[in-house]
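Just add 113 to the spot in the sequence shown (first one is 1) and you have my numbering.
Each residue gets a CB set at the ideal place from its N, CA and C atoms; glycine is no exception.
See below for the structure under consideration.
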Amino acid sequence: MAQRSTILRLASRGSALALTQSRWVAAQLERLHAGLRIELVEVKTSGDAKLGQSLQAIGGKGAFTKELEDALLEKRADFAVHSLKDLPTQLPPGLALGCTPPREDVHDVLILRQKQPANELTEDPFKLLPPGATVGSSSLRRRAQLLARRRDLRVIEFRGNVETRLRKLEEGKADATLLALAGLKRLGLMGADRALLDRFGVFVLPTRLWLPAVSQGCLGVEIRENDRALRELLAPLHDAGTFAAVECERAFLHALGAGCTAPVGALAWVPEGSEVLLEGALFAEDGSSERRAVSRGHISQPRLVGEQAARQVLAAR
Numbered sequence: 114m115a116q117r118s119t120i121l122r123l124a125s126r127g128s129a130l131a132l133t134q135s136r137w138v139a140a141q142l143e144r145l146h147a148g149l150r151i152e153l154v155e156v157k158t159s160g161d162a163k164l165g166q167s168l169q170a171i172g173g174k175g176a177f178t179k180e181l182e183d184a185l186l187e188k189r190a191d192f193a194v195h196s197l198k199d200l201p202t203q204l205p206p207g208l209a210l211g212c213t214p215p216r217e218d219v220h221d222v223l224i225l226r227q228k229q230p231a232n233e234l235t236e237d238p239f240k241l242l243p244p245g246a247t248v249g250s251s252s253l254r255r256r257a258q259l260l261a262r263r264r265d266l267r268v269i270e271f272r273g274n275v276e277t278r279l280r281k282l283e284e285g286k287a288d289a290t291l292l293a294l295a296g297l298k299r300l301g302l303m304g305a306d307r308a309l310l311d312r313f314g315v316f317v318l319p320t321r322l323w324l325p326a327v328s329q330g331c332l333g334v335e336i337r338e339n340d341r342a343l344r345e346l347l348a349p350l351h352d353a354g355t356f357a358a359v360e361c362e363r364a365f366l367h368a369l370g371a372g373c374t375a376p377v378g379a380l381a382w383v384p385e386g387s388e389v390l391l392e393g394a395l396f397a398e399d400g401s402s403e404r405r406a407v408s409r410g411h412i413s414q415p416r417l418v419g420e421q422a423a424r425q426v427l428a429a430r
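Here is the structure:
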């Protein structure tokens, strides 16, 4: 790689979270490979540019990734870092997933505008919302799970990055919102200094009650398929367990014929040993029904495990 260039261009969205994630990957690569320098190339995606429209209205699939992929295909960048949950299950010809670093926390977080007393303990934080409360979320998966628990809730469109959604909440535009815990941790909002989130009621939702999105908490580093040298540079960042889990989840989503914005939840994990396990669900958008499946198989065949779970869900119709 050093013979080709000592500088590699990394395509990234321009949000604080996207830049934090991309800078982390860049720093790891520069630490691992002496003399290598990474140059960030900020790219504005259609999902970022059209905040006034729902993700479904602007096409959903690839809303936060297509322009980054265009930069790779046009050789304006050498690789791109995505929140893997945003990346469609089918990549454009000529592109490939170069590595998946270790997964961050998979949980969603319910954030209430009203700060709760320190001694307020509940196994169901949704009970703290008043009747008819407004919850801001643009995710069909979150909307479906919310309405399945509380039919009286009013779910409104809530687009924007983490900072924007927290500001909207603080301004009283909703009584609550939902965010991925991984993003809050990466932004330093759930660490020792919780100054921002300490103004809200914050509840981590257990996966036994609330399924995350496919690939939630994972980064995906996308490269040109024939770039073997770059794949070798990325190899030390790759986590085999994370890759098996997300391959399983993405296969589940793909076999359902669904996209990144569909009301689908899934979580795969690799316990000690040689198995991969998956729990997945397809929800009705209005929360009126859900179809769940559990599947397991050998870690060497994660896609097969995901496809088996999808067949169970589809057979339950």
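Status (buried if at least 16 other CB within 10 Å, exposed otherwise) for residue i
i: Asp221; result: buried
i: Thr277; result: exposed
i: Ser128; result: buried
i: Lys198; result: buried
i: Leu322; result: exposed
i: Arg344; result: buried
i: Pro349; result: exposed
i: Asp265; result: exposed
i: Arg150; result: exposed
i: Gly370; result: exposed
i: His411; result: exposed
i: Val248; result: buried
i: Pro215; result: exposed
i: Glu335; result: buried
i: Pro384; result: exposed
Extent of the continuous alpha helix (DSSP H) run through residue i
i: Gly335; result: For clarity, residue 335 is Glu in the given sequence; the question names Gly instead. Looking at the DSSP string, Glu335 is not in any alpha helix (DSSP H); the run it does join, the beta strand (DSSP E), is Leu332 to Arg337.
i: Leu253; result: Leu253 to Arg262
i: Lys188; result: Unbroken run through Lys188: none, as it is neither H nor E.
Simplified DSSP state of residue i, which is helix, strand or coil
i: Thr133; result: helix
i: Glu155; result: strand
i: Gly245; result: coil
i: Asp199; result: helix
i: Phe316; result: strand
i: Val222; result: strand
i: Asn232; result: A caution first: Asn232 carries a pLDDT of 45, below 50, which makes its placement in the model unreliable, though a value can still be read off. Here Asn232 sits in coil by DSSP.
i: Arg341; result: helix
i: Arg272; result: coil
i: Arg144; result: helix
i: Pro325; result: coil
Nonlocal neighbours in the same chain, by C-beta distance under 6 Å from residue i, ignoring five residues either side
i: Phe365; result: Ala379, Gly393, Gly419, Ala422 and Ala423
i: Phe396; result: Ala257, Pro376 and Glu403
i: Arg409; result: Glu388 and Leu390
i: Arg122; result: Glu152, Val154, Ala190 and Asp191
i: His351; result: Cys212
i: Arg405; result: Ala394
i: Phe177; result: Thr158, Gly160 and Asp199
i: Phe316; result: Leu223 and Pro238
Cut-off 7 Å between Cβ atoms - residues of its own chain near residue i, not counting five sequence neighbours on either side
i: Asp218; result: Leu294, Ala295, Lys298 and Gly330
i: Asn232; result: Note that Asn232 has pLDDT 45, beneath the 50 cutoff, so the model's placement of it is unreliable and the number below is only indicative. Answer for Asn232: no residue qualifies.
i: Trp382; result: Ala358 and Leu390
i: Thr320; result: Val219, His220 and Leu380
i: Ile120; result: Arg150 and Glu152
i: Gln116; result: Bear in mind that a pLDDT of 45 at Gln116, under 50, signals an unreliable position, so the number given afterwards is only what the model happens to contain. Excluding sequence neighbours, Gln116 sits near nothing in its chain.
i: Phe356; result: Thr213
Residue interval of the beta strand (DSSP E) (run including residue i)
i: Ala209; result: Leu208 to Cys212
i: Ala193; result: Phe192 to Ser196
i: Leu123; result: Ile120 to Ser125
i: Val268; result: Arg267 to Ile269
Any non-hydrogen atom of the ligand GDP closer than 7 Å to residue i Cβ
i: Ala353; result: Among the components of this structure there are no ligands whatsoever, and the ligand GDP is therefore not found.
Close beta carbons around residue i, own chain, < 8 Å, minus the five adjacent residues each side
i: Leu132; result: Ser125, Arg126, Leu153 and Glu155
In chain order, which continuous runs of the beta strand (DSSP E) of length 3 or greater are located wholly inside the stretch 274 to 306?
Here the runs fully enclosed are 289 to 293.
Contiguous beta strand (DSSP E) assignments of at least 3 residues, all confined to the stretch 348 to 427:
List check, beta strand (DSSP E) in window: 377 to 382, 388 to 396 and 403 to 411.
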